[in-house]
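In what follows, a structure is listed as structure tokens, so that the remarks can point back to it.
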Amino acid sequence: MRVLVSLIAVLALAFIAYLGVGIGHADTLFGVVIPYLALAIFLFGIIYRVVTWARVPVPFRIPTTCGQQKCLEWIKPSRFENPYNNFGVIIRVAMEVLFFRSLFRNVKSEIKQGKVVYGHTKWLWLAGLAFHYSFLVIIIRHLRFFVEPVPIFVKWAESLDGFFQVGIPILMLTDVVILAALTYLFLRRVLIPQLRYISLPADYFPLFLIGAIATTGILLRYFFKTDLIGIKELALGLVSLKPVVPKGIHWLFFMHFFLVCCLFTYFPFSKLLHMAGIFMSPTRNLANNNRAVRHINPWNPKVEVHTYQEYEDEFREKMVAAGIPVEKQPEPQGQGTKE
Amino acid sequence: MYDSGKVITGLLAFAVLVTLPFWYTAAGGKGGFRPEPKLAPGLEGKKCVESKAFMRASHMDLLNLWRDEVVRQDLRVHFSPDGRAFEKSLTNTCLKCHSNTGEFCDRCHNYVGVQPYCWDCHMEKKLKGAE
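Top line first, the protein sequences correspond to chains A and B.
Under my numbering, read the first sequence as residues 1 to 339, first letter to last.
Under my numbering, read the second sequence as residues 1001 to 1131, first letter to last.
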């Protein structure tokens, strides 16, 4: 049911684009207005969310660690798994962002011959990494539509991606990889009972949405070739703030473009915001130095204290008179009487 | 806001990265630019091997098909829809009319960053004096 709802939602979005452009010919709405709106929501939505996170004080260091903390001289600390300074934190976050370090640690427990056994499972890590890097390469490749002249690194990305020169237009490896990875990530949620139980429409929807974007993109590249020159003219018009909508672009392109706009709009409200969240998680971006540095809670109220020393200073004479022992004896009365 | 220095730096970097094409275009890229492929002189009124619409969308498929058919099956003649016969050859058929590759092929290819590997083997122009 949760799967079906998400699938229907994505199909409905695609159908909206078809209705809008294929039948309604609202090219300007789908080619100019919605893209600008989506970009604005994406940018300001993410900035807003990050600023709300940054307004929450983190008075105490709460990193989740998985290595030896720095303590005694002769015990070797784990610098990156349990960082004690900023350098360690930077390496730790970079390992997480670039290589998905924590997923790599994934362990599965099973009962085999009556015993509990633990083993590494890297499939999620592998599929996740393949998906994210394919998406990155695809985004870099798409820059060829958004800038003129096309920078050299975009051409390099495309040459490498089409390294095997299969077919015409040359098959891009990332197109295959991203679909395979998405399929794995989807099947994993459906076929593993525990995962199926905890998966929500918010988990399936982005998978279907990105899957639909990839599929329409692949259709456009290999099967329903449309006027690329017109598409680049549209894209350049958008980025130079002088939008033009050339005639004769296939509605399938607008479907692709509209689904991308939906992804952008959906971003700040969804789990996809882990893109920003990974940098903002206090369990990862803090050095574990609670024992070495004193951290004072910024929202501590100002507490009036009256220490014992102050108490004794105030009542010393009376305490001595009443025979209560005091830490500091009262000064003898009058200096001159001592002879 | 806590750690505002780091957070604002990060957000600025993010915003610039996302809007990079806007800055690139403003800083010296070409904005509202559309290439016009130029036909070589004397081609007005001549008809290509297939219709203009087909060639515009699918010329690469045709060239690929020609290559495979010539190399693998020795089928060297292409018949256009109106019955004219052409030799399946990039150099001898296509480039005979479209001799100005720089103004015809490359303008669009460069515009959308396409790097066809035609010229890895084919020469753009026949060397002078060579047959």
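Cβ coordinates follow ideal geometry from the N, Cα and C atoms, glycine included.
Chain A contact for residue i (CB, 8 Å cutoff)
i, result
"Leu1017(B)", "no"
"Val1112(B)", "yes"
"Arg1034(B)", "yes"
"Ser1058(B)", "yes"
"Asp1003(B)", "yes"
"Gly1102(B)", "no"
"Thr1093(B)", "no"
"Gln1073(B)", "no"
"Val1070(B)", "no"
"Gly1010(B)", "yes"
"Val1049(B)", "no"
"Cys1108(B)", "yes"
"Lys1038(B)", "no"
Spatial distance of residue i from residue j (CA atoms)
i, j, result
"Ile170(A)", "Ala287(A)", "47 Å"
"Lys242(A)", "Val5(A)", "38 Å"
"Val150(A)", "Phe1014(B)", "22 Å"
"Lys271(A)", "Tyr204(A)", "11 Å"
"Gly1029(B)", "Val147(A)", "7 Å"
"Ile91(A)", "Pro63(A)", "14 Å"
"Ser1004(B)", "Leu1012(B)", "12 Å"
"Phe87(A)", "Arg2(A)", "43 Å"
"Pro330(A)", "Arg316(A)", "7 Å"
"Lys318(A)", "Val303(A)", "27 Å"
"Val93(A)", "Pro77(A)", "18 Å"
"Glu1103(B)", "His25(A)", "34 Å"
"Glu312(A)", "Gly323(A)", "13 Å"
"Thr226(A)", "Phe15(A)", "19 Å"
"His295(A)", "Pro59(A)", "6 Å"
"Tyr118(A)", "Val190(A)", "23 Å"
"Glu339(A)", "Ala321(A)", "Here Glu339(A) scores only 46 on pLDDT, less than 50, and its place in the model is too uncertain to base an answer on."
"Gln1115(B)", "Phe100(A)", "34 Å"
"Leu234(A)", "Ile34(A)", "13 Å"
"Leu1043(B)", "Lys1096(B)", "11 Å"
"Phe163(A)", "Arg291(A)", "53 Å"
"Leu236(A)", "Gln68(A)", "53 Å"
"Phe153(A)", "Thr215(A)", "25 Å"
"Ala130(A)", "Leu228(A)", "28 Å"
"Leu1017(B)", "Tyr266(A)", "19 Å"
"Glu158(A)", "Ile140(A)", "9 Å"
"Gly1129(B)", "Leu19(A)", "Legend: pLDDT at Gly1129(B) = 48, less than 50; position of this residue unreliable, value from coordinates given subsequently. The straight-line gap from Cα to Cα measures roughly 59 Å."
"Asp1068(B)", "Leu1062(B)", "10 Å"
"Glu1131(B)", "Ala1027(B)", "Any reading at Glu1131(B) is ruled out, since the residue's pLDDT is 41, under 50, leaving its predicted position unreliable."
"Leu219(A)", "Ser109(A)", "41 Å"
Residue(s) in a DSSP beta bridge with residue i
i, result
"Lys108(A)", "Gly119(A)"
"Glu1069(B)", "In DSSP, Glu1069(B) forms no bridge with anything."
"Phe164(A)", "BP columns for Phe164(A) are empty, so no partner."
"Phe1086(B)", "His1078(B)"
Residue-level contact to chain B via CB, residue i, 8 Å cutoff
i, result
"Arg221(A)", "no"
"Gly114(A)", "no"
"Lys357(A)", "Residue 357(A) is absent from the structure shown; chain A starts at 1 and stops at 339."
"Ile229(A)", "yes"
"Lys302(A)", "no"
"Phe135(A)", "no"
"Pro57(A)", "yes"
"Pro169(A)", "yes"
"Val107(A)", "no"
"Leu143(A)", "yes"
"Ala54(A)", "yes"
Nearest-angstrom Cβ-Cβ length linking residue i and residue j, presumed shorter than 8 Å
i, j, result
"Pro1141(B)", "Tyr1111(B)", "Outside the shown range of chain B (1001 to 1131) lies residue 1141(B), about which nothing can therefore be said."
"Ser240(A)", "Thr1101(B)", "Ser240(A) to Thr1101(B), Cβ: 29 Å. No contact."
"Leu1075(B)", "Cys1118(B)", "Rounded, the Cβ-Cβ distance is 20 Å, inconsistent with contact."
"Val107(A)", "Val1007(B)", "Not a contact, Cβ separation roughly 34 Å."
"Ala17(A)", "Phe258(A)", "4 Å"
"Leu209(A)", "Val10(A)", "5 Å"
"Phe104(A)", "Lys115(A)", "So it is not a contact: roughly 25 Å between Cβ atoms."
"Ala202(A)", "Ser134(A)", "Not a contact, Cβ separation roughly 22 Å."
"Val32(A)", "Leu252(A)", "About 18 Å; that fails the 8 Å criterion."
- request: Would you list, in sequence order, the uninterrupted alpha helix (DSSP H) runs of no fewer than 4 residues that lie entirely inside the segment 118 to 146 of chain A?
  value: 123 to 146
Segments assigned alpha helix (DSSP H), at least 4 residues, entirely inside the segment 194 to 232 of chain A
201 to 218
query = What runs of the alpha helix (DSSP H), each 4 residues or longer, lie entirely inside the segment 1031 to 1069 of chain B?
reply = none
What are the uninterrupted segments assigned as alpha helix (DSSP H) that are 4 or more residues long and contained completely in the segment 238 to 305 of chain A, given in chain order?
-> 251 to 266 and 274 to 280
- Residue ranges of each alpha helix (DSSP H) run of no fewer than 4 residues wholly in the segment 20 to 86 of chain A, ordered along the chain? 34 to 54
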